[in-house]
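Numbering (this note's numbering), first residue to last: 49 to 309.
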Ligand code: DAK
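Here it is as structure tokens:
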């Protein structure tokens, strides 16, 4: 497949997958999510001696500044919204279940859907300018790609509530303290550190690594209603007036006037 929104670079068996939409701070539109999903289903098979994947964003300002807010229009029913969320779940789950290590190299804003992308990776390396936040409630939404379920696994329920409800930004050092990031590094070293970890893992038994990935993921897969709840809540919220107001306010660069409807 010819990718339009992501770059694939093979560095001695380590793939650097770059979300390449710097004009929109690498915001994830649906096409980008499909391309990421395609790479983890089929695209990777073209890489010989694949050791692992580093996911990063183009430029030094943002890893990914969320889902593409300008694409948030035309949703008429909760079912349509939920279907979109489900597509994202499929792509991100495929990445989480990938049999080789997948590491997010986060060099700047890591927001909303971008934070969800990073949380679906097996590990995260934060540059000193990395900033993690879930701003969805500013737009009248909640995370739609399983972030509401993955975040509390790392930080616990109370901190997850705080982050999801206040939208506060978490910096690199605190991200490590909270268990969101594995390491923080000086700016510009995120990819190198990720490659170093993947090269180390590449010296271990590949089947064992694949089983470690399956097993640790099984701990997370609790068949909880939380995931269904998120999908249904997401679909519902996409049809509310507050959601329309939140997205319109962003696009028009003004404050939102929410009505609770
Ligand atoms: N979407 C679209 N464009 C974005 C964007 C985004 N998320 N973030 C930034 N941009 C664009 C800006 O509009 C601007 O474009 P121009 O105006 O130049 O054309 C350009 O990137 C540069 O951004 P700024 O001028 O705003 O840069 P600043 O340094 O001033 O600010 C910022 C950086 C990161 C603080 C700011 O850009 C910002 O607040 N961005 C939005 C953050 C945000 O709210 N992200 C969305 C979170 S909600 C879904 C599933 C999941 C989700 C959605 C749908 N489905 C199943 C459908 C998840 C939702 C989210 O991610």
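Each residue gets a CB set at the ideal place from its N, CA and C atoms; glycine is no exception.
Please name the residue or residues paired with residue 55 in a DSSP beta bridge.
Sequence index remark: in the chain shown, residue 55 carries index 7 (1-based). In the DSSP output, where bridge partners are listed per residue, residue 55 has 66.
In chain order, what residues of the same chain lie with their CB nearer than 6 angstroms to the CB of residue 107, ignoring the 5 residues before and after it?
For the purposes of this step, residue 107 is taken as the residue at position 59 of the chain shown. Excluding residues within five positions, the ones whose Cβ falls inside 6 angstroms are 70.
Measuring CB to CB, does residue 61 end up less than 9 angstroms from residue 99?
As a working mapping, residue 61 is identified with position 13 in the chain shown. As a working mapping, residue 99 is identified with position 51 in the chain shown. Contact: yes.
Residue 217 and residue 242 - do their beta-carbons sit closer together than 9 angstroms?
In the chain shown, residue 242 corresponds to position 194, counting from 1. In the chain shown, residue 217 corresponds to position 169, counting from 1. In this structure, residue 217 does not lie closer than 9 angstroms to residue 242 by Cβ.
Strictly under 9 angstroms for the Cβ-Cβ distance: is residue 228 near chain D by that measure?
In the structure shown, chain D cannot be found, because there is only a single protein chain.
When the Cα of residue 117 is compared with those of 291, 303 and 309, which residue comes out closest?
Against the chain shown, residue 117 aligns to sequence position 69. Checked all of 291, 303 and 309; the closest Cα to residue 117 is 291.
If you draw a straight line from the C-alpha of residue 72 to the C-alpha of residue 104, how long is it?
Walking along the chain shown from the start, residue 72 turns up at place 24. Walking along the chain shown from the start, residue 104 turns up at place 56. Between residue 72 and residue 104, the C-alpha separation is close to 15 angstroms.
Here's the rule: buried if 16 or more other CB atoms are within 10 angstroms of the residue's CB, otherwise exposed. What is residue 211?
In the chain shown, residue 211 corresponds to position 163, counting from 1. With 16 or more other Cβ atoms within 10 Å, it is buried.
Should residue 227 and residue 255 be called a contact, given that it needs their Cβ atoms to be closer than 9 angstroms?
Translated into the one-based positions of the chain shown, residue 227 becomes position 179. Translated into the one-based positions of the chain shown, residue 255 becomes position 207. Cβ atoms of residue 227 and residue 255: not closer than 9 angstroms.
In angstroms with no decimal places, state the Cα-to-Cα distance between residue 173 and residue 144.
Taking the chain shown and counting its residues from 1, one reaches residue 173 at position 125. Taking the chain shown and counting its residues from 1, one reaches residue 144 at position 96. Distance between the alpha carbons of residue 173 and residue 144 is about 16 angstroms.
On a Cα-Cα basis, can you pick out the residue from 223, 84, 283 and 128 that is closest to residue 102?
For this step, residue 102 is matched to residue 54 along the chain shown. Checking every option, the nearest Cα to that of residue 102 belongs to 84.
Quick one: grab the DSSP three-state call for residue 78.
Here residue 78 corresponds to residue number 30 of the chain shown, with the count starting at 1. Looking at residue 78 - three-state DSSP - the assignment turns out to be helix.
Given residue 293, which residues of its chain have a CB within under 8 angstroms of its CB, disregarding the five upstream and five downstream residues?
Against the chain shown, residue 293 aligns to sequence position 245. Correct list, in chain order: 188, 304, 305, 306 and 307.
Can you tell me the Cα-Cα spacing of residue 137 and residue 193, whole angstroms?
Your numbering for residue 137 matches position 89 in the chain shown. Your numbering for residue 193 matches position 145 in the chain shown. Distance between the alpha carbons of residue 137 and residue 193: 5 angstroms.
Indicate the three-state DSSP secondary structure (helix, strand or coil) for residue 161 in the structure shown.
On the chain shown, position 113 is the one that residue 161 refers to. Here residue 161 sits in helix by DSSP.
With burial defined as no fewer than 16 other Cβ atoms inside 10 Å of the residue's Cβ, what is the status of residue 251: buried or exposed?
As a position in the chain shown, residue 251 is number 203, starting the count at 1. Result: exposed.
For residue 126, I'd like the list of residues in its chain whose CB is within less than 8 angstroms of its CB, leaving aside the five on either flank, ordered along the chain.
Within the chain shown, the letter at position 78 stands for residue 126. Here the set comprises 280, 283, 284, 286 and 287.
Give the range of the alpha helix (DSSP H) segment to which residue 225 is assigned.
Reading the chain shown from its first residue, position 177 is the one you call residue 225. Element bounds for residue 225: 220-226.
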